[in-house]
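Okay, so here's the structure we're looking at.
There are 2 protein chains.
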Amino acid sequence: MENRPTLADVAAHAGVSKSLVSLVMRGEPGASAETRRRVLDAAGALGYHPDSRARLLRSGRSRLLGVVFGIQHAFHADLVTALYSAARETGYELALSAVTPGRDEAEATAGLLQDRCEALIMLGPQTPAAGLARLAARLPVVVLARGVRDESVDVIRTADAEGLHQAVDHLAVLGHRRIVHIDGGRAPGAAERRRGYRAAMNAQGIGRHIRIIPGGLTEEDGAIAAREIGGDTTAVTVFNDRCATGVLDVLARRGDKVPGDVSVVGYDDSHLARLAHVDLTTIAQDTAVMSRLAVQRAIDRIDGAPVAQRAVVVPPHLVVRGTTGPPRA
Amino acid sequence: MENRPTLADVAAHAGVSKSLVSLVMRGEPGASAETRRRVLDAAGALGYHPDSRARLLRSGRSRLLGVVFGIQHAFHADLVTALYSAARETGYELALSAVTPGRDEAEATAGLLQDRCEALIMLGPQTPAAGLARLAARLPVVVLARGVRDESVDVIRTADAEGLHQAVDHLAVLGHRRIVHIDGGRAPGAAERRRGYRAAMNAQGIGRHIRIIPGGLTEEDGAIAAREIGGDTTAVTVFNDRCATGVLDVLARRGDKVPGDVSVVGYDDSHLARLAHVDLTTIAQDTAVMSRLAVQRAIDRIDGAPVAQRAVVVPPHLVVRGTTGPPRA
DNA sequence: TTGAAAGCGCTAACAT
DNA sequence: ATGTTAGCGCTTTCAA
């Protein structure tokens, strides 16, 4: 593991100046074919790889997009996957920084700032708006999958209220009246999903059956909430797929048939929902579109390009699978 | 978005030299308390964050440990969480690079090499031994949660066979005889777990009941395998918790009581197993210890410290929860 | 305890 | 088409 060769080594080996080597290595025009060949030969012979740190330091840019995500969040995994694809052809790289039980958002963010990321993409951040605004004063910040009122950050999110509207409408069309919502507490998006649920119930003329059971983000939250579901309830809309899985589990254990006795609708269309044995009807957030928009927005901000609207709301869509059906006659 | 403040800006603002600022920012001794305070105040006021590229370029080191992990793997999430804690006080930072459905290990690795990571920690890599050896020729490679015979890479893993031994013994002591194993196919560790299962069954004198059903890593694999479980089977050991969840789900749906009719043991003690409504008896891999060992080994290799044994095997331990009990009389 | 000066490996101006 | 000269922002001598 000896010292790596530098550009100067290559220059010496090829008998040309550093500038020429620099040009050739970047594939820029301005060097003769003969020189080009000599340089590439030398580089190959020495096993030379440019040092990106030095390169970026000099050019004053990092071409790095920082991504802050929750490592325990299945949905974030889907988004990160999509973000990698979205970044692929842009000339920017992703720098991942995870939020874990022992590493908060501030720490995750600080790491990315040190790496001189040119913009930050934050997935469902918990940081209060004021904190985000402070960050946004330093570099472009794009918040994904959470609404933020603050004017200084960009937001790409799903029309959460609309999503619950679709869920309720789907159930109502099937004939359900007693539709309960298990919510996400204070999680990002939870308030809007509650709002959408209420509005849709009222719009369907079944506002008197509105009932919201406190839930959360995890299977466990869903399991606890499921025990509160009354016997006359025929359908449940749940904050997210993970929570819905907990609900399904408790229903199965107590012998309730799904969708025979109770229909269930999740949210996210995460990996979980697609599993054959779960086969969960759910509201899909379009991760591919959202990720593409987030990356594009970050780059636009970096380039100082004009941006028409600070917040982009992506419509969700209903994915009907096996956990919804007509109520028992 | 004006230019980020540099160390020189802070120095000017605090009325001291760049050297002092450098010392203070790194927490090195050699500056008076008064100076230290002035510098930190100035840094805070300007919102200064050191530029890691410049810092590392100058010092000739990156102090970066590259981590390659599967973003869809719940167990990897646990490991990454533990790795962050383990790295915390070492002076090294983690650089995360995810493997996703659209981004293979080679790509994930290449990114980390460009960033000049000083060592690589790979979680359950799929790369064949030859590929790992090639990598290891360039920088220290520590493989976590997978066995690799190749002499050139370090390995930190759980004694998988021992884990299944404990699972089988636990069930046998409860009185089970007809114990089935749902395996992990070609996943890292699967072969050794199969071996452990067989050995333990033989050791218990119930080798004639050995039966292995092909499974996999996911809930879905577990669900499919569960349908193959015969009516006389009283207990199942499953490749991992995620797969076990699928098994539990199918059992619940077909009305089998757990542990009344069938006992189930998982593997990993992941988040999943601990959920109150899952409450899965499982074999715990000690992520804290494994992560600490992995980080320490990487640093030892970087420092050229002598290493006694290339491979470290961490003993797993049984965590008894609610999915195991005596067989029905 | 403090400061001045010399680079790390590279790219961007400016020569030639 | 090629070479020379400055730095990027920081750490590291070395002197004071």
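Line by line, the protein sequences are chains V and G. Going left to right, the first sequence walks through residues 1 to 329 as the working numbering numbers them. Going left to right, the second sequence walks through residues 330 to 658 as the working numbering numbers them. The C-beta atom is built at its ideal place from N, Cα and C for all residues, glycine as well.
Thinking C-beta only, is residue j closer than 8 Å to residue i?
i, j, result
"V:A145", "V:G163", "no"
"G:R506", "G:L546", "no"
"G:V591", "G:A552", "no"
"V:L56", "G:R382", "yes"
"G:A520", "G:V594", "no"
"G:V350", "G:A362", "no"
"V:Y84", "G:G431", "yes"
"G:M530", "G:I558", "no"
"V:T237", "V:L272", "no"
"G:R450", "G:G395", "What sits at residue 450 of chain G in the sequence shown is Ile, not Arg. Contact flag set, yes."
"G:A424", "G:D444", "yes"
"V:I314", "V:A159", "Note that residue 314 of chain V is Val in the sequence shown, not Ile. In contact: V:V314 and V:A159 (Cβ atoms closer than 8 Å)."
"V:E118", "V:R26", "no"
"V:V148", "V:L132", "yes"
"G:F404", "G:S599", "yes"
"V:R321", "V:L280", "yes"
"V:A108", "V:V68", "yes"
"G:I511", "G:F568", "yes"
"V:P5", "V:G44", "no"
"V:R134", "V:A161", "no"
"G:R522", "G:G536", "no"
Indicate the three-state DSSP secondary structure (helix, strand or coil) for residue i in the structure shown.
i, result
"V:A187", "coil"
"V:D268", "strand"
"V:S59", "helix"
"G:G395", "strand"
"V:D249", "helix"
"G:T410", "helix"
"V:M1", "Its pLDDT being 46, under 50, V:M1 is placed unreliably in this model, and the value from its coordinates should be taken loosely. If DSSP states are grouped into helix, strand and coil, V:M1 belongs with coil."
"V:V16", "coil"
"V:V238", "strand"
"V:H181", "strand"
"V:A305", "coil"
"V:S22", "helix"
"V:I299", "helix"
"V:R211", "strand"
"G:A573", "helix"
"V:A54", "helix"
"G:V502", "helix"
"V:A11", "helix"
"V:V312", "strand"
"G:T653", "coil"
"G:E557", "coil"
"V:T218", "coil"
"G:R308", "Any question about residue 308 of chain G goes unanswered here, given that chain G covers just 330 to 658."
"G:S361", "coil"
"V:L40", "helix"
"G:L468", "coil"
"G:H378", "coil"
In or out: residue i buried (at least 16 other Cβ within 10 Å) or exposed?
i, result
"G:E548", "buried"
"G:P469", "buried"
"G:Q401", "buried"
"V:R328", "exposed"
"V:L309", "First, the residue type needs correcting, since residue 309 of chain V is Gln and not Leu in the sequence shown. V:Q309 comes out exposed."
"V:M1", "The predicted model places V:M1 with a pLDDT of 46, which falls under 50 and marks its position as unreliable; any figure quoted below should be read in that light. So V:M1 counts as exposed."
"V:V307", "exposed"
"V:R38", "buried"
"V:L171", "buried"
"G:E357", "exposed"
"V:D232", "exposed"
"G:V353", "buried"
"V:R58", "exposed"
"G:N332", "exposed"
"V:G189", "buried"
"G:G440", "buried"
"V:V173", "exposed"
Could you pull the DSSP bridge partners for residue i from this structure?
i, result
"V:L144", "V:L123 and V:I156"
"V:A284", "V:D268 and V:H317"
"G:R524", "According to DSSP, which records beta bridges pairwise, G:R524 is partnered with nothing at all."
"V:S263", "V:A235"
Legend entry - Those runs of the beta strand (DSSP E) which lie wholly inside the segment 412 to 463 of chain G and span at least 3 residues: You should have 422 to 428 and 448 to 452.
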